[in-house]
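In the UniProt record's numbering, the protein residues as written are 1 to 145.
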C-alpha cells in the first residue's frame, strides 16, 4: 500500500511536468510563428548580375567501358535518368567538371551539351583528347553541399 501511494505521487509529478513542458513549447512555437519583419530594399539599385563567360568545350574520349558504352545522365549520378550513350572512342565535349556520385571510386563528372540537352558523364570513362582539362563548374553553395 505504501509503495503504490508513492508511485501515484510520482506519476502525478510526471504528468504535471509533461503538461508544463507542452505549454512552454506551445508558447515558444507561437512566438516563432509570428510574421517576420521584412528588410527594406536597398536604397541604391544593385548592379545587374553578369552572366559567366561561356567556356570553350574541352574534348574528351570515351574509353575502357568494356564495350557497354558510357551512359550520359540528366544529373551527376548513376540514379539519374539516362540521357544518351557514347561508345569507346567517341568524343564528349565537356563544358566543365563537378563533383557527383562515385563511379568505381571516381567522384568527378563532366557536364556537356548533346543535341541541345545538358548531360553529365562520369570522368571514370573519359580521357582528355588534347591534354587540356575542363575547368570546374560554377556550382552554387547550396547545390554543392
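We put the beta carbon where it would ideally sit given N, CA and C, even for glycine.
Could you work out which residue in the options is closest to residue i when comparing CA atoms only?
i           : options          : result
residue 132 : 20, 66, 57       : 57
residue 91  : 68, 101, 83, 129 : 129
residue 88  : 66, 98, 94, 109  : 66
residue 68  : 84, 80, 59       : 84
Could you pull out every residue in the same chain whose Cβ sits closer than 7 Å to the Cβ of residue i, ignoring the five residues on either side in sequence?
i          : result
residue 96 : 55, 111, 134, 135, 136, 137
residue 18 : none
Report yes if the C-beta distance between residue i and residue j is below 9 Å; otherwise report no.
i           : j           : result
residue 86  : residue 122 : no
residue 61  : residue 126 : yes
residue 104 : residue 124 : yes
With a CB to CB cut of under 6 Å and the five nearest residues on each side skipped, what residues in its chain are close to residue i?
i          : result
residue 99 : 107
residue 78 : 101
CB-CB under 8 Å to residue i, same chain, minus the five flanking residues each way: which ones, in chain order?
i          : result
residue 63 : 88, 89, 125, 126, 127
Practice task
Report yes or no: do three or more beta-carbon pairs, one from the segment 114–124 and one from the segment 74–81, lie closer than 8 Å?
Solution key: Result yes; three or more Cβ-Cβ pairs closer than 8 Å.
Handout entry: 3 or more residues per run - each beta strand (DSSP E) lying fully within the segment 49–77
Key = Counting whole runs of 3 or more residues, the segment 49–77 contains the beta strand (DSSP E) stretches 58–62, 70–73.
Problem - Unbroken stretches of the beta strand (DSSP E), 3 residues or longer, contained in the segment 70–130 - result: 70–73, 82–86, 91–103, 106–114, 117–122, 126–128
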